[in-house]
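To start, the structure itself, in structure tokens.
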Amino acid sequence: MKHVDEWREPKLLRALADRIAREATRPWTLLEVCGGQTHAFVRFGLLDLLPPTITMIHGPGCPVCVTPLEVLEHARRIALRPEVILCTYGDMLRVPGVHGDLLSARSEGADVRIVSSPLEALDVARRSPERAVVFLAVGFETTAPATAALIELADREALTNLHVLSAHVRVPPALDALFASNSVDVDVDVNVDVDVDVEAHANANVDVDANVDVDASTNASTSTSDTTPTDPNTPCIDGLLAAGHVCTIEGTDVYAPLAERFGIPIVVTGFEPVDLLRGVLACVRRLERGEAGVENAYARIVRPEGNPLARAAVERVFSVADVPWRGFGVLPGGGLAIRERFAAHDATRRFALRGSVGADEPIREPTSCRAADVLRGRLRPLDCPELGRRCTPETPLGAPMVSSEGACAAYFSRRSAHA
Ligand code: SF4
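So the sequence shown is numbered by this note's numbering: it starts at 4 and just counts up by one.
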């Protein structure tokens, strides 16, 4: 990529939208997984560019949003201990919890510090050996390697005062749950086609066919599923735009079981406007041909094998665990727990957290916020009656209005810009 403007070129975007309109012969509903993609769709007006045949559903790809109330309450209780310094990303401070957010805990005397990287927490631990430093680690597969590096470094330096409260989650189990409630299982035979034939030369004069042509020599040969919804509130989703940054770490094969089980096309997609419309076009082409499978439309960044070094670091430090997601409940394999080998750096062990929240009083999502429905694609943020009324970035009722990747925040910004 030479200049970011090349990926936002209006003429090319219009040409891509026209191509999508010509090739979509019937309505298709696509899900984009990542909150960063949602923000780009909204911020750059791509939803207005798409033809009426294409409906985009926003997915659960906002790690702050899916962090459950239990974890937030754990973090707040830990932060209020006088010996603790709690470090976390800025987005986490305003997320409403059961008894307030971390910002209010700070006003009650808690030492809560914002960090932009896990290694800043390491510095805090080095400089404060008399305090227990807890890093609240939130994020998908993309940020887990940095947390793994933090734990390994703390272990190497014998920094016994550094602990991690892991809220790392894995995307495929959530998508599996979403599609399981969205469609019936189909018996399909899907070949995974990892396409690398998307050249990155976006400029106004370029021939659109050359730019948007995705590999037509696919081996995938199955029909897409007959999506009969098993949950009447969940929209039927025909195809998926997978988050490119997750695949940067995990590779493209991570989505193959999903494509196979549900007989859907999954297109690994980037985050710039041109990336997104190319992803939509690739997905539409597969749907029109009746082809399931995985396709890489972000080949300038994503390699089929992902990043083996980063995956190895995560594997050394974490094991796959069943964890709760907001809106989904406990997802089998939905998150990462710190291995026994690094127990000294595990905040759940250091502070004996297991079962400590919810035992004294049940944890319930507030009825005023419908974040769970937003995360499952059942409610468009604009249809939430609280958006822009009682719920704003200054007075958020739920995480999707707080996080920089939250769908509600995206729509609020867009609405404000046009007010
Ligand atoms: S607009 Fe606010 S209240 Fe409505 S779902 Fe989003 S975060 Fe919750």
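Backbone N, C-alpha and C define an ideal beta-carbon position, used for all residues, glycine too.
Identify every residue that forms a DSSP beta bridge with residue i.
i: leucine 400; result: Paired residues: none, contrary to the question.
i: histidine 61; result: Glu35
i: serine 169; result: Ala140
i: cysteine 394; result: Leu390
i: threonine 91; result: Ile117
i: glutamate 298; result: Val270
Tell me, to the nearest whole angstrom, how far the beta carbon of residue i is from that of residue j; I am working on the premise that it is less than 8 Å.
i: asparagine 299; j: valine 271; result: 5 Å
i: glycine 309; j: alanine 262; result: With a Cβ gap of about 17 Å, glycine 309 and alanine 262 do not count as contacting.
i: valine 87; j: arginine 134; result: 7 Å
i: leucine 378; j: cysteine 68; result: 6 Å
i: phenylalanine 143; j: valine 172; result: 6 Å
i: leucine 284; j: leucine 19; result: 6 Å
i: tryptophan 328; j: proline 71; result: 6 Å
i: leucine 433; j: leucine 168; result: Residue 433 lies beyond the range of the chain shown here (4 to 422); nothing can be said about it.
i: isoleucine 45; j: alanine 413; result: The residue you asked about is not isoleucine; residue 45 is valine in the sequence shown. Right, the Cβ-Cβ distance comes to about 4 Å (below 8 Å), so this counts as a contact.
i: proline 148; j: alanine 313; result: 4 Å
i: leucine 122; j: leucine 106; result: That belief does not hold up - the Cβ atoms of leucine 122 and leucine 106 are roughly 23 Å apart, past 8 Å.
i: glycine 337; j: leucine 33; result: Wrong, their Cβ atoms sit about 23 Å apart, outside the cutoff.
To the nearest angstrom, report how far apart residue i and residue j are at their CA atoms.
i: alanine 259; j: proline 268; result: 10 Å
i: valine 320; j: glutamate 26; result: 46 Å
i: leucine 52; j: glutamate 76; result: 42 Å
i: glutamate 408; j: cysteine 239; result: 23 Å
i: valine 405; j: glutamate 294; result: 38 Å
i: histidine 441; j: phenylalanine 182; result: For the chain, the structure presents residues 4 to 422; residue 441 sits outside this window and is missing.
i: aspartate 349; j: threonine 91; result: 15 Å
i: alanine 108; j: isoleucine 117; result: 13 Å
i: aspartate 21; j: proline 276; result: 14 Å
i: glycine 380; j: glutamine 40; result: 14 Å
i: arginine 29; j: threonine 56; result: 6 Å
i: proline 388; j: leucine 165; result: 43 Å
i: arginine 11; j: leucine 244; result: 18 Å
i: proline 307; j: threonine 255; result: 5 Å
i: phenylalanine 331; j: leucine 125; result: 32 Å
i: isoleucine 81; j: leucine 89; result: 8 Å
i: arginine 481; j: leucine 178; result: Nothing can be reported for residue 481, as the shown portion of the chain is limited to 4 through 422.
i: cysteine 65; j: valine 74; result: 15 Å
i: methionine 59; j: glutamate 35; result: 7 Å
i: histidine 42; j: leucine 279; result: 11 Å
i: arginine 292; j: proline 54; result: 19 Å
i: isoleucine 304; j: proline 311; result: 14 Å
For a test of your reading of the model: does the CB of residue i fall under 8 Å from any non-hydrogen atom of the ligand MN? Yes or no.
i: aspartate 158; result: Ligands present in the displayed structure are limited to the ligand SF4, and the ligand MN is not among them.
Query raised in the report: Could you give the uninterrupted runs of the beta strand (DSSP E) lying entirely in the segment 310-351, keeping only those of 3 residues or more?
Result: 321-328, 332-341
Query raised in the report: At what residue ranges does the segment 234-296 contain a whole run of the beta strand (DSSP E), taking only runs of 3 or more?
Result: Whole beta strand (DSSP E) segments, 3+ residues: 242-246, 268-272.
Query raised in the report: Which whole runs of the alpha helix (DSSP H) in the segment 115-161 are 4 residues long or more, in chain order?
Result: Taken in chain order, the whole alpha helix (DSSP H) runs of length 4 or more contained in the segment 115-161 are 121-130, 147-159.
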